[in-house]
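K.L.:
First residue of the sequence shown: 9, per my numbering; consecutive thereafter. Using N, Cα and C, we set each Cβ at its ideal position, and we do this for glycine too. What you are looking at is a predicted structure, and each value in this text was computed from that prediction instead of being measured.
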Amino acid sequence: MTLSRLVLAFAASTLFTGGAFAAELSLVSGSVGKDIEELRGQLDEFEKESGHTVKIVEMPASTTDQFGQYRLWLSAGNEDIDVYRTDVIWAPQLAGSLVDLTEAAKDIVGQHFPSMIESQTVDGKLVALPMYTDAPALYYRTDLLEKYGKEPPKTWSELEATAKEIQDKEREAGNSQMNGFVFQGAPYEGLTCDGLEWVASNGGGQIVAPDGEITINNPKAAAALERAKGWVGTIAPDGVLAYKEEESRGVWQTGNAVFMRNWPYAYALSNGGDSAVAGKFNVVPLPASEGGSSAACLGGWNLAVSKYSKNQEAAIDLVKYLSSEKAQKQRAVNQSRLPTIPSLYDDAEIAEKQPIVTEWKDVVTNAVPRPSAPTKRQYNEVSKEFWTAVNETISGRGSAADNLDQLEKRLRRLKRDAWE
Numbered sequence: 009m010t011l012s013r014l015v016l017a018f019a020a021s022t023l024f025t026g027g028a029f030a031a032e033l034s035l036v037s038g039s040v041g042k043d044i045e046e047l048r049g050q051l052d053e054f055e056k057e058s059g060h061t062v063k064i065v066e067m068p069a070s071t072t073d074q075f076g077q078y079r080l081w082l083s084a085g086n087e088d089i090d091v092y093r094t095d096v097i098w099a100p101q102l103a104g105s106l107v108d109l110t111e112a113a114k115d116i117v118g119q120h121f122p123s124m125i126e127s128q129t130v131d132g133k134l135v136a137l138p139m140y141t142d143a144p145a146l147y148y149r150t151d152l153l154e155k156y157g158k159e160p161p162k163t164w165s166e167l168e169a170t171a172k173e174i175q176d177k178e179r180e181a182g183n184s185q186m187n188g189f190v191f192q193g194a195p196y197e198g199l200t201c202d203g204l205e206w207v208a209s210n211g212g213g214q215i216v217a218p219d220g221e222i223t224i225n226n227p228k229a230a231a232a233l234e235r236a237k238g239w240v241g242t243i244a245p246d247g248v249l250a251y252k253e254e255e256s257r258g259v260w261q262t263g264n265a266v267f268m269r270n271w272p273y274a275y276a277l278s279n280g281g282d283s284a285v286a287g288k289f290n291v292v293p294l295p296a297s298e299g300g301s302s303a304a305c306l307g308g309w310n311l312a313v314s315k316y317s318k319n320q321e322a323a324i325d326l327v328k329y330l331s332s333e334k335a336q337k338q339r340a341v342n343q344s345r346l347p348t349i350p351s352l353y354d355d356a357e358i359a360e361k362q363p364i365v366t367e368w369k370d371v372v373t374n375a376v377p378r379p380s381a382p383t384k385r386q387y388n389e390v391s392k393e394f395w396t397a398v399n400e401t402i403s404g405r406g407s408a409a410d411n412l413d414q415l416e417k418r419l420r421r422l423k424r425d426a427w428e
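1. Assign Gln336 to one of two classes, buried (16 or more other C-beta atoms within 10 Å of its C-beta) or exposed (fewer than that).
2. Count the CB pairs spanning the segment 104-119 and the segment 302-317 that are closer than 8 Å, and state whether there are at least three.
3. Can you find the residues in the same chain that come closer than 7 Å, C-beta to C-beta, to Gly76, ignoring five residues on each side of it along the sequence?
4. Since Val313 sits in a beta bridge, which residues does DSSP pair it with?
5. Where DSSP assigns a beta bridge to Asn290, which residues make up the other side?
6. Can you tell me the Cβ-Cβ gap for Trp271 and Phe189, rounded? I've got them flagged as a contact below 8 Å.
7. Is the segment 120-138 close to the segment 267-286, with three or more CB pairs under 8 Å?
8. Looking at Ala359: is its Cβ nearer than 9 Å to the Cβ of Ala143?
9. Going by alpha carbons, who is nearest to Ala208 out of Gly198, Ala232, Leu199, Val341?
10. According to DSSP, is Tyr196 helix, strand or coil?
11. Roughly how many angstroms lie between the CA atoms of Val390 and Gln261, to the nearest whole one?
12. Within the continuous alpha helix (DSSP H) that includes Pro347, where are the two ends?
13. Looking only at its chain, what residues have a beta carbon closer than 7 Å to the beta carbon of Ser256, apart from the 5 residues adjacent to it on each side?
14. Within the same chain, show all residues whose beta-carbon is closer than 8 Å to that of Ile125, passing over the 5 residues directly before and after it, in chain order.
15. What does the Cβ neighbour count give for Asp52, buried or exposed, with the cut at 16 atoms within 10 Å?
16. Where DSSP assigns a beta bridge to Pro138, which residues make up the other side?
17. Report, in whole angstroms, the separation of the C-beta atoms of Leu146 and Val291, which I expect to be a contact under 8 Å.
18. Quick one: residues in its chain with C-beta nearer than 7 Å to the C-beta of Ile89, no 5 flanking neighbours on either side, listed in chain order?
19. Under 8 Å: do the segment 166-182 and the segment 245-259 share three or more Cβ pairs, one atom per stretch?
20. Taking the alpha helix (DSSP H) that Asp258 belongs to, which residues open and close that run?
21. To which residues of the same chain is Leu153 closer than 6 Å at the C-beta, ignoring the five residues directly before and after it?
22. With H, G and I counted as helix, E and B as strand and the rest as coil, what does DSSP make of Met268?
23. Going along the chain, which residues of its own chain have a beta-carbon closer than 6 Å to the beta-carbon of Thr94, five neighbours each way excluded?
24. Using a Cβ distance threshold of 8 Å, determine whether the segment 210-225 contacts the segment 374-388, with at least three qualifying pairs required.
25. Below 8 Å on the Cβ atoms is my contact criterion, and I expect Leu330 with Gln50 to pass it. Report the Cβ-Cβ distance as a whole number of Å.
26. If we ignore side chains and look at the alpha-carbon of each, how far apart do Val248 and Leu204 end up?
27. Can you give me the Cβ contacts of Phe121 inside the same chain, cut-off strictly under 7 Å, excluding the 5 residues immediately before and after it?
28. Which complete alpha helix (DSSP H) runs does the segment 24-65 hold, if anything under 4 residues is left out?
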């Protein structure tokens, strides 16, 4: 390429202002709730401070759809996207197309939970910086539990009994739309999270163990999924089989559910001015089986720079800005997003505005990871096979035992062909 063409290509992606080049960046992000609104506000601040401009490329809410599009763009060497908002599980699969941030972030990585940094480090390269972490909660209606003399459930059996009793009595009293429990039952990544929590809290393991052993086909895992199947059409609506996070929140926030499993983002929204449950709910850790332990799936989102970006230096500055203590505190106060910076869990303003954040530190640090590390580049295929088996089971298409037996066979083929 001639020098003149190089200059033209560079000028196409930058503006010259005041003696310095200001980049025009693109950041791709999915969202739930008010994620995009919050992100735009922070980008406006970044633009004022840096002189760069940032365009948001919005994606569907489904993490499964997002990952598929990301993989297509990155495999094609797409130069149009500079920064990707990435799920905590994607690092091993996308690492080859992402910039190593180790040197650029060496002065700030120590501010974050070491496990969060480790989760985004692949073959010694830091490929993304944490934006926020995530661990779900059981939301419950304080007014309804008080009305019927109930305590927040600690076991799934208690949840079933309380949900059924209150649901039925509320329906008898005239609220025909009341449901006992809503969660994420659609066949997508969110069901992998829900299903993993059911299985792990019943002592059924983690789908694939850290050493790569496939452990999902066991009686405790099957029992957990059979129990969840019993919720559909009894304490949960039949439509839950198509619910993702926002569908669950929609039912809950209109006042038509006693319990909801969802991520902390729903806490701030549930207390919003348009919420029928504002001031009428609280959260506790997810239930467990008798003798088991509560299991919350580890979530979270990160920021990665594409190695195909023509503006990598500016993109790295943007990633550092959005992962900073200032940005994470804003997200915690405004959206009840969980920081990856431990000191923020002791912040008085966050505790006052969004108590779930400061109360959730132990839940985060003990959260159960999905098996992206042992399954490496095949995680998405492994997860798809798992959520399919779970959805088939709770939809009544085959027993949990039969579906998990078939799942194990499919996972063994994947392991033999790809991740060993």
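P.N.:
Taking the definition as stated:
1. buried
2. yes
3. none
4. Val91.
5. Tyr148
6. With 8 Å as the limit, Trp271 and Phe189 do not qualify as a contact, their Cβ atoms being about 16 Å apart.
7. no
8. no
9. Ala232
10. coil
11. 33 Å
12. Careful: Pro347 lies outside any alpha helix (DSSP H) and carries neither H nor E.
13. Val190, Phe191, Gln192, Met268, Asn270
14. Val117, Leu134, Pro138
15. exposed
16. Asn310
17. The beta-carbon separation of Leu146 and Val291, rounded to 7 Å, stays under the 8 Å limit for a contact.
18. The answer, listed in chain order, is Ser34, Val36, Val65, Trp81, Ser314.
19. no
20. As written in the sequence, residue 258 is Gly, which differs from the Asp given in the question. Element bounds for Gly258: 253-261.
21. none
22. Strand.
23. So the qualifying residues of the chain are Ala136, Asn310, Ala312.
24. In short, these stretches touch, since the Cβ pair count reaches three.
25. 6 Å
26. Between Val248 and Leu204, the C-alpha separation is close to 17 Å.
27. Thr348, Pro350
28. 43-58
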